[in-house]
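Going by the working numbering, the sequence shown opens with residue 66, and the numbers climb by one from there.
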Amino acid sequence: MMKPILVFGILAIAPLAAHANDSSFDGMGGSPHPTRGENSAIRMVRETVVLTANADDFSTQADFVFSNETSKAQNVSMGFPEVNTGEDDETAAAKKTPFIGFATFVDGRQVTAKRTTLDKLDASGFNTYWVKTVPFAPRQTRKIRVQFRSRYGGTTEWGMHRALSYSFTGGNWRGNVAESVLEVRVPQNGLWRVASYDSNRNVLPLSLSNAKTGATFRHVWKNWQAQETVFIGLERATPFWRKDMNLHVDNPMVLKTVAATQTVRIGAKPSGLESSQGLPTEAFTYNNTFYVGVSYLVDKLNMWDANVDIKSDKAGAGGFDLSTKTTRVQGRIGESTLRINGKSVAAGGPILGLKNPSYGSVTYVPLAPLSKALGWKLTLKGERLFALDRGTWKG
66 MMKPILVFGI LAIAPLAAHA NDSSFDGMGG SPHPTRGENS AIRMVRETVV
116 LTANADDFST QADFVFSNET SKAQNVSMGF PEVNTGEDDE TAAAKKTPFI
166 GFATFVDGRQ VTAKRTTLDK LDASGFNTYW VKTVPFAPRQ TRKIRVQFRS
216 RYGGTTEWGM HRALSYSFTG GNWRGNVAES VLEVRVPQNG LWRVASYDSN
266 RNVLPLSLSN AKTGATFRHV WKNWQAQETV FIGLERATPF WRKDMNLHVD
316 NPMVLKTVAA TQTVRIGAKP SGLESSQGLP TEAFTYNNTF YVGVSYLVDK
366 LNMWDANVDI KSDKAGAGGF DLSTKTTRVQ GRIGESTLRI NGKSVAAGGP
416 ILGLKNPSYG SVTYVPLAPL SKALGWKLTL KGERLFALDR GTWKG
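Okay, here's the thing in structure tokens:
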């Protein structure tokens, strides 16, 4: 049973609040629903939602086709739900809008929508709507557009830096929706990785078209009730990135994301090595050399109960100095030599320092000399997974 105050929401595009290691997705939006429960006269025929990833925010353009299926004129109040910003004080959050440049149109003509706030969150998780009245003549079809920009969200528990959520709630209209299209457009140059899920955490397949001007990820639903929430992660990636399949056994969503991820390059390949945008990747291959992050090594050694001592005060700028009970590893960014237990060992490639917008400089070292000297065992699985085991190393 729907509450009488429930408003038709068109489709709200909700940036995730920054919840590291938290799977909650606050304040998701919904497609248009009527202000007074279900509407048996008006049908949502189709909807197309286009998200464009800009440098500092993302823009949304949502187009809907509605049809009056009766021989009587109708006046319908439609409300576009506004994402909850995640603030604890719902009243304070309702005083400001996270939308930038919100505009709505009926048959190509811009109309005014009134921002309306309810006393408390409704059953759909919203307390703020942009409401307008749309008249329908008998059997009339009308086109509705909503457009705005929003800030990006933060890192999710499944390891992607920019995550967005979309909720289709077209089931409040008459009949099924003939077609719903969701597009994510990435016009910026670089290497990008994208993964998507439905509300049951099943992988949502996305078709990909790539051109010089950008990439488009797309999913289409046909003849459905339009009741689904979609989660999409989008971020820049380091080429040939990999995840340790043994480091995330307590969080299967991370490994599931790796398997579901599509990686696409837009524009020319740069001369230098690109860094990831979100959580630093654990490993990657560069110039035929397999690299692992120093922070990853610390986590891995602690996972092996080695109790790593990080001697930051002795490492100096651009250097690292790690010690366990039996082992000491030292190195410096830009050099091609490691010191393992006091002995100089050729690294097989330079120690790299990559800038990360969220974590500062991240240091990566060639793994082969460490594995050979210490008896570790490396196993590669597919294109994106690997496992590093302690082998004969005693700690």
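Just so it is clear, CB atoms sit at the ideal spot from N, CA and C, and this is done for glycine as well.
| Asked | Found |
| --- | --- |
| Given a cut-off of 7 angstroms, decide if K208 and V314 are closer than it, judged by their beta-carbon atoms. | no |
| Would you give the residue range spanned by the beta strand (DSSP E) that P146 belongs to? | Q139 to P146 |
| Are there three or more Cβ pairs, one per stretch, closer than 8 angstroms when the segment 435-453 is compared with the segment 368-376? | no |
| Could you tell me the alpha carbon to alpha carbon distance between N104 and Q212, rounded to whole angstroms? | 24 angstroms |
| At which residues does the beta strand (DSSP E) containing N421 begin and terminate? | L417 to N421 |
| In three-state DSSP terms, what is F90? | Only weak support is given to the placement of F90: the predicted model assigns it a pLDDT of 25, under 50, and the value that follows is read from those uncertain coordinates. Correct three-state label for F90: coil. |
| Between which residues of its own chain and T457 is the CB-CB distance below 6 angstroms, once the five residues before and five after are set aside? | G440 |
| Would you verify that the beta carbon of K390 is, or is not, closer than 7 angstroms to some beta carbon of chain D? | Going by chain labels, chain D is absent from the structure shown, which holds only one protein chain. |
| Any idea if S215 is buried or exposed, counting beta-carbon neighbours within 10 angstroms, 16 or more meaning buried? | buried |
| Taking the alpha helix (DSSP H) that K437 falls in, what are its first and last residues? | A433 to L439 |
| Let's see if you can read the secondary structure: which residues bound the beta strand (DSSP E) around P317? | Careful: P317 lies outside any beta strand (DSSP E), inside the alpha helix (DSSP H) at P317 to A325. |
| Going by other Cβ atoms of all chains shown within 10 Å of its Cβ, with 16 needed for buried, is T428 buried or exposed? | buried |
| Can you name, in chain order, every residue of its own chain whose Cβ lies under 7 angstroms from the Cβ of N241, other than the five neighbours on each side? | N288, W289 and Q290 |
| Per DSSP, H284 is paired with what? | L247 |
| Using CA atoms only, rank isn't needed, just tell me which of T346, N352 and L445 is closest to S360. | T346 |
| Any chance the segment 115-123 sits against the segment 137-149, with 3 or more Cβ pairs inside 8 angstroms? | no |
| Can you tell me whether DSSP reads L312 as helix, strand or coil? | coil |
| P270 to S261, Cα distance in whole Å? | 7 angstroms |
| Are the beta-carbon atoms belonging to S341 and W286 less than 7 angstroms from one another? | no |
| With H, G and I counted as helix, E and B as strand and the rest as coil, what does DSSP make of V363? | helix |
| Note down the Cα distance separating T125 from T182, rounded to an integer number of angstroms. | 22 angstroms |
| With a CB to CB cut of under 8 angstroms and the five nearest residues on each side skipped, what residues in its chain are close to K446? | M310 and A452 |
| If you run the structure through DSSP and keep just helix, strand and coil, what is G46? | No statement about residue 46 is possible, as the shown extent of the chain runs from 66 to 460 and does not include it. |
| Rounded to whole angstroms, what's the CA-CA distance from R210 to T326? Just pull it up for me. | 31 angstroms |
| So who's on the other strand from V373, going by DSSP bridges? | DSSP lists no partner for V373. |
| Determine the direct distance from the alpha carbon of M318 to that of V114, and round the result to whole angstroms. | 26 angstroms |
| Could you name the residues of the same chain whose beta carbon sits closer than 6 angstroms to that of R397, not counting the 5 residues immediately before and after it, in chain order? | G383 and G384 |
| Using a Cβ-Cβ cutoff of less than 6 angstroms, which residues in the same chain neighbour F296 once the five nearest sequence positions on both sides are dropped? | S230 and Y262 |
| Taking all protein chains shown into account, do 16 or more other C-beta atoms lie within 10 angstroms of the C-beta of N265, making it buried, or fewer, making it exposed? | exposed |
| Suppose you measure from the CA of K442 to the CA of P252; what does that come to, to the nearest Å? | 40 angstroms |
| Using DSSP bridges, identify the partner residues of T424. | It should be noted that the sequence gives Tyr, not Thr, for residue 424. According to DSSP, which records beta bridges pairwise, Y424 is partnered with nothing at all. |
| Taking the continuous beta strand (DSSP E) assigned at N217, which residues delimit it? | Checking the sequence shown, residue 217 turns out to be Tyr, not Asn. Looking at the DSSP string, Y217 is not in any beta strand (DSSP E), and its letter there is neither H nor E. |
| Please name the residue, chosen from L247, D184, Y356 and G414, that lies closest to S272 on a Cα-to-Cα basis. | L247 |
| According to DSSP, simplified to helix, strand and coil, what is T119? | The sequence given here has Asn at residue 119, not Thr. Note: N119 maps to coil in three-state DSSP. |
| Mind checking A127: buried by the 16 CB within 10 Å criterion, or exposed? | buried |
| Kindly identify the DSSP beta-bridge partner or partners of M368. | DSSP lists no partner for M368. |
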